[in-house]
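**Student:** Right, I'll just put the structure down here and ask away after.
Chains as they are written, first to last, in our numbering: chain Y, 563 to 915; chain C, 4 to 346; chain D, -3 to 111; chain Z, 312 to 545.
Next comes the structure, spelled out in structure tokens:
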């Protein structure tokens, strides 16, 4: 089978800044996988020797509020303008966005400003009146996965591990899931465009794995904003996630790789919920298909301790994958606190007891 | 007797050939410049013509003009045109220079590159083919087979690929694909009576004489099914069969279908060389990159540049019979121009 | 696990692979002309029952062709079999007969407890 | 009061999101919501395009406009570069501004979202905070999250996060001054006005439903409970 690879790169050769970044954190990533953001910053500064500003003053971009329609577009624009103002004050011009919805939102606002300059003036005025701040439009806006993509070969050179099954020597079969707001709203802002987004498959290839295509690759994970956030609506969310799992199951993937904080969480949790409801998993075992984000995966390959980068926060246990990849880890260090004192572990991990 | 006037025709497809044939019979000297090593243009690649399944060879046989006043130059592409002292000078890459009293453009069209419509997977998924691919297979007398070598049990024919699509820069209707879809559906059904054939369309634009009868025949005799909804995406299954997603718009519900093969009805585009020909003179292209007529109602064959005329599908996509009509009417316009100039 | 009872995964996508043709094949066998329907809606426009209720013959035809049998069994009850649809059909389909056959087949399936 | 058609047209996003639609259904074909609900983005665009005041009013009071999941898959495929998902945003905005939203079950839920996500926004400076993802309302999060939730100080500390503390880092406490700026931006740019509209119309709806206290004032706890238990038709 022909896999999706980096062959149409020239069509969507997006510009990704090489250094001197300003980090914009993600509500969901910090909340569910704080270790992922930490390891991203660590890789960038310690392994790759790049500079990135982690500014405590920036806030949510309010994207979840915007897409649930409780934040008006004017407010959304002004909040984004405030982030830009903070960047300006720090002398930063290259934004790196951790959240996919923020990424889509920043671009939506910038495209609007290009087409309707009066909207930009309104945002300037609102921000000035509210905070006294001024902003400049950043020179470059990249998603954090773009940065890892840009340095994927360098990471491969530094990495002691590969996406390879150490028992068989075969490359691991990896399916990817790209967050909708990364490529679907503005295809030219995504590596590889909207239909054959290659930002993750290129990483998989560079790190020794085999990217595996599956029919519902482009389908949404099912977050649906208001559909997940209001409890009685969550069936929408799980229904769409199920569609993806059913579609990828026949390919027997070793791993699901994501670039969106929300998707990473949903694809992990919904496997558990579906197993509880339907009594089945989409893997050959009771554990489920492991789900990792690009930062988590890069961290693992670079030899970070899986429990320091927060992999114990996943419902689908990563241990079987670690074993398959021959990654050294300590099982009993998994549930310890910062002082090294053992904690009571979760009731169970994986999808079925 | 005055020296015979000379007309250069760019393009040796059926429009150029037919116009050349009419003009030589009217007493002019004609030179046809063809970029390939063979005349006949796109018609060489088609297996049968709608709506009567007649053979393209029959058309070609009738219009091969044989006349001492007609010269054919092959393998040459005219790159630029210059008007000097009321005459035209034509240049190709190798600095071939040709003089003419009038110029007739019959550059025809090219077929949309279906791989640009990434979501349909042409060039990526092996069982996705185009209408041109199908004509080639059919013409070679081969059976339609999947990449695995089996006769497909279900084929989905997709309309409007590269037509009526602002995303790929083609906002217009290519006009002849709908009827091609019906024709090819019937051809598949004749070839493989067991095969289910579906047409996914947005509007069925069957504008010509006897076209609707073919549609009726497709439904009645061949049980071909028509679903109103534009294809949104194609994905490949593990066994290389395909999954497609569209809306059944008449029901207002999303629809998912598995098919062994998908046939894309590719739209038609103006020839790329047209842009070059517009340099250094008053020729103009319209918003769809076809040649702009002086007046699209009354003077369809006349360009914006005095002495340059157009014939056939370099004006807009046309069927074979329309192209021939257009060629003949262009010949009349050329004759009128040269006769009036004489006086 | 009852705490997850509020979650009900499902889809309303038309899935051609699970096509229920028990009614369609019966109708087509006896009324070939139905093949040539072009969904123009002429029948719906003239339909007496449709003027008073949400009964929509064009949609019934589509449901028949897509195998939505559950929808059909309720809807067909509303038809009065006046035959005006047949008179206006540009493709000369005996729509009244299609509706009759549909009703017959639904009744048959019901007696056989297949519904 | 402006006609709703005009209110829609005043939003810059409608100019961005809508060219003429040709009813091809390419959006519905890939729409995750169309797959789950009786929902058809194509017909919504057609209704907005018609400019028919009555039809649009109907949309504003319907469940339909609240079914979109905002994935924007429609945007990628449209052959006319429309974005039905953005048109939905504009409809929802006008529905909330005019109070039409309380007439549909899904629309009424805006009150719940305002009270959760909206409250998080101004209280924490984040849309989501670990303390707000409680076990009772999120059983689908599973036993590992339950473990994180119950031991969050320790778990976040081990991962080098800075939960609820000053300085930079994941889940840090956003400084009071920064939160204040966020609140003033809300005030300045229309966020507060929107919330007042949601609040007022929801209270009126609560009264209409008889969800009141002994003094006849709307009881919003009862109303919240009502919203969470309204019988879904799907």
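Positions of the beta carbon are idealized from the N, C-alpha and C atoms, including for glycine.
Report the residue from 150/C, 43/C, 312/C whose alpha carbon sits nearest the alpha carbon of residue 131/C.
**Tutor:** Working through the second chain from its first residue, we reach residue 131/C at position 128. Cα-wise, what sits closest to residue 131/C is 150/C.
**Student:** Taking C-beta pairs closer than 9 Å, name the residues in chain Z that residue 696/Y reaches, listed in chain order.
**Tutor:** Your numbering for residue 696/Y matches position 134 in the first chain. Within 9 Å Cβ-Cβ: nothing; residue 696/Y doesn't reach chain Z, min ~14 Å.
**Student:** If distances are taken between C-alpha atoms only, which option among 536/Z, 455/Z, 370/Z, 320/Z comes closest to residue 878/Y?
**Tutor:** Taking the first chain and counting its residues from 1, the one referred to as residue 878/Y is at position 316. The option with the nearest alpha carbon to residue 878/Y is 455/Z.
**Student:** When you check each C-beta in the segment 151 to 178 of chain C against every C-beta of chain Z, which residues fall closer than 8 Å?
**Tutor:** Per Cβ criterion, the list reads 163, 167, 168, 169, 170.
**Student:** According to the Cβ coordinates, are residue 230/C and residue 201/C closer than 8 Å?
**Tutor:** Counting from 1 along the second chain, the entry for residue 230/C is found at position 227. Counting from 1 along the second chain, the entry for residue 201/C is found at position 198. Contact: yes.
**Student:** Using C-beta distances below 7 Å, list every residue in its chain close to residue 1/C, excluding the 5 sequence neighbours before and after it, in chain order.
**Tutor:** Past the boundaries of the shown model lies residue 1/C; chain C is included only from 4 to 346, so the question cannot be answered.
**Student:** List, in order along the chain, the chain C residues whose C-beta lies closer than 7 Å to that of residue 11/D?
**Tutor:** Taking the first residue of the third chain as 1, we reach residue 11/D at position 15. Within chain C, the residues near residue 11/D are 259.
**Student:** Between the segment 94 to 112 of chain C and the segment 8 to 24 of chain C, do at least 3 Cβ pairs fall closer than 8 Å?
**Tutor:** Contact between the segment 94 to 112 of chain C and the segment 8 to 24 of chain C is present, because at least three Cβ pairs lie under 8 Å.
**Student:** Could you list which residues in chain Y have their beta carbon closer than 8 Å to that of residue 246/C, in chain order?
**Tutor:** Counting from one through the second chain, the residue named residue 246/C turns up at place 243. By Cβ distance, chain Y contributes 777.
**Student:** In whole angstroms, what separates the C-alpha of residue 535/Z from that of residue 355/Z?
**Tutor:** Indexing the fourth chain from 1 puts residue 535/Z at position 224. Indexing the fourth chain from 1 puts residue 355/Z at position 44. The alpha-carbon atoms of residue 535/Z and residue 355/Z are separated by roughly 29 Å.
**Student:** Indicate the three-state DSSP secondary structure (helix, strand or coil) for residue 835/Y in the structure shown.
**Tutor:** What you label residue 835/Y is simply residue 273 of the first chain in a count that begins at 1. Reduced to three states, the DSSP call for residue 835/Y is helix.
**Student:** CB-CB under 6 Å to residue 629/Y, same chain, minus the five flanking residues each way: which ones, in chain order?
**Tutor:** For the purposes of this step, residue 629/Y is identified with residue 67 of the first chain, where counting begins at 1. Excluding residues within five positions, the ones whose Cβ falls inside 6 Å are 787.
**Student:** Under the rule that 16 or more other beta-carbon atoms within 10 Å means buried, what is residue 109/D, buried or exposed?
**Tutor:** Here the question's residue 109/D lines up with position 113 in the third chain. When all chains shown are included, residue 109/D counts as exposed.
**Student:** To the nearest angstrom, how far is it from the Cα of residue 777/Y to the Cα of residue 430/Z?
**Tutor:** Taking the first chain and counting its residues from 1, the one referred to as residue 777/Y is at position 215. Taking the fourth chain and counting its residues from 1, the one referred to as residue 430/Z is at position 119. Approximately 39 Å between the Cα atoms of the pair.
**Student:** So, does the segment 259 to 269 of chain C touch the segment 3 to 18 of chain D, judging by three or more C-beta pairs under 8 Å?
**Tutor:** Counting Cβ pairs under 8 Å, three or more are found: they touch.
**Student:** Measuring alpha carbon to alpha carbon, tell me which of 110/C, 264/C, 216/C ends up nearest residue 239/C.
**Tutor:** Against the second chain, residue 239/C aligns to sequence position 236. The candidate whose alpha carbon is nearest that of residue 239/C is 264/C.
**Student:** Identify every residue that forms a DSSP beta bridge with residue 95/C.
**Tutor:** As a working note, residue 95/C is residue 92 in the second chain. In the DSSP output, where bridge partners are listed per residue, residue 95/C has 81/C.
**Student:** Across the segment 12 to 20 of chain D and the segment 90 to 103 of chain D, are there enough close Cβ pairs to call them in contact, namely three or more that are closer than 8 Å?
**Tutor:** A contact exists between the segment 12 to 20 of chain D and the segment 90 to 103 of chain D.
**Student:** Less than 7 Å between C-beta atoms, sequence neighbours within five positions excluded: which residues of the same chain meet that for residue 505/Z?
**Tutor:** The residue you call residue 505/Z lines up with position 194 of the fourth chain. Within the same chain, residue 505/Z has close Cβ partners 407.
**Student:** Could you pull the start and end residues of the beta strand (DSSP E) that residue 236/C belongs to?
**Tutor:** Working through the second chain from its first residue, we reach residue 236/C at position 233. Element bounds for residue 236/C: 236 to 239.
**Student:** With which residues is residue 733/Y paired in a DSSP beta bridge?
**Tutor:** In the first chain, counting from the first residue as 1, residue 733/Y sits at position 171. BP columns for residue 733/Y point to 726/Y.
**Student:** If you draw a straight line from the C-alpha of residue 33/C to the C-alpha of residue 194/C, how long is it?
**Tutor:** Along the second chain, one-based indexing puts residue 33/C at 30. Along the second chain, one-based indexing puts residue 194/C at 191. The straight-line gap from Cα to Cα measures roughly 43 Å.
**Student:** My output table needs one value for residue 101/D: the three-state DSSP class, helix, strand or coil.
**Tutor:** Numbered from 1 along the third chain, position 105 holds the residue referred to as residue 101/D. If DSSP states are grouped into helix, strand and coil, residue 101/D belongs with the helices.
**Student:** Looking only at its chain, what residues have a beta carbon closer than 8 Å to the beta carbon of residue 563/Y, apart from the 5 residues adjacent to it on each side?
**Tutor:** Position 1 of the first chain, counted from the start, is the residue given in the question as residue 563/Y. Model confidence at residue 563/Y stands at a pLDDT of 34, short of 50, so the residue's coordinates are unreliable and nothing is read from them.
**Student:** Determine the DSSP secondary structure at residue 897/Y, reduced to helix, strand or coil.
**Tutor:** Position 335 of the first chain, counting from 1, holds the residue named residue 897/Y. If DSSP states are grouped into helix, strand and coil, residue 897/Y belongs with coil.
**Student:** Please confirm if residue 119/C has its CB atom under 8 Å from at least one CB of chain D.
**Tutor:** To locate residue 119/C, count along the second chain from 1; it is residue 116. Judged by the 8 Å Cβ criterion, residue 119/C is not in contact with chain D.
**Student:** Answer with yes or no whether the minimum CB distance from residue 62/D to chain Z is below 8 Å.
**Tutor:** Here residue 62/D corresponds to residue number 66 of the third chain, with the count starting at 1. For residue 62/D, the answer is no, since every Cβ of chain Z falls outside 8 Å of its Cβ.
**Student:** What are the complete alpha helix (DSSP H) segments, minimum 4 residues, inside the segment 8 to 57 of chain D?
**Tutor:** Correct list: 20 to 26, 38 to 42, 44 to 48.
**Student:** Going by other Cβ atoms of all chains shown within 10 Å of its Cβ, with 16 needed for buried, is residue 482/Z buried or exposed?
**Tutor:** For the purposes of this step, residue 482/Z is taken as the residue at position 171 of the fourth chain. So residue 482/Z ends up on the buried side.
**Student:** Along the segment 329 to 342 of chain Z, what residues have a CB closer than 9 Å to any CB found in chain C?
**Tutor:** So the close ones are 330, 333, 334, 335, 336, 337, 338, 339, 340, 341, 342.
**Student:** Between 30/D, 51/D, 26/D, 85/D, which has its C-alpha nearest residue 73/D's C-alpha?
**Tutor:** As a first step, residue 73/D is located in the third chain; it is residue number 77 there, counting from the start. Residue 73/D has its Cα closest to that of 51/D, out of 30/D, 51/D, 26/D, 85/D.
**Student:** Return the first residue and the last residue of the beta strand (DSSP E) that residue 164/C is part of.
**Tutor:** Numbered from 1 along the second chain, position 161 holds the residue referred to as residue 164/C. Here the beta strand (DSSP E) through residue 164/C covers 157 to 164.
**Student:** Please state whether the Cβ-Cβ distance between residue 679/Y and residue 736/Y is less than 8 Å.
**Tutor:** On the first chain, position 117 is the one that residue 679/Y refers to. On the first chain, position 174 is the one that residue 736/Y refers to. Contact flag unset, no.
**Student:** Measuring CA to CA, which of 114/C, 250/C, 81/C, 273/C is closest to residue 13/C?
**Tutor:** Reading the second chain from its first residue, position 10 is the one you call residue 13/C. The shortest C-alpha separation from residue 13/C is found at 81/C.
**Student:** Residue 236/C touches chain Z at which residues, Cβ-Cβ below 8 Å?
**Tutor:** As a first step, residue 236/C is located in the second chain; it is residue number 233 there, counting from the start. Within chain Z, the residues near residue 236/C are 340, 341, 388.
**Student:** What residue does the beta strand (DSSP E) around residue 32/C start on, and which one ends it?
**Tutor:** Walking along the second chain from the start, residue 32/C turns up at place 29. First-last of the beta strand (DSSP E) with residue 32/C: 32 to 36.
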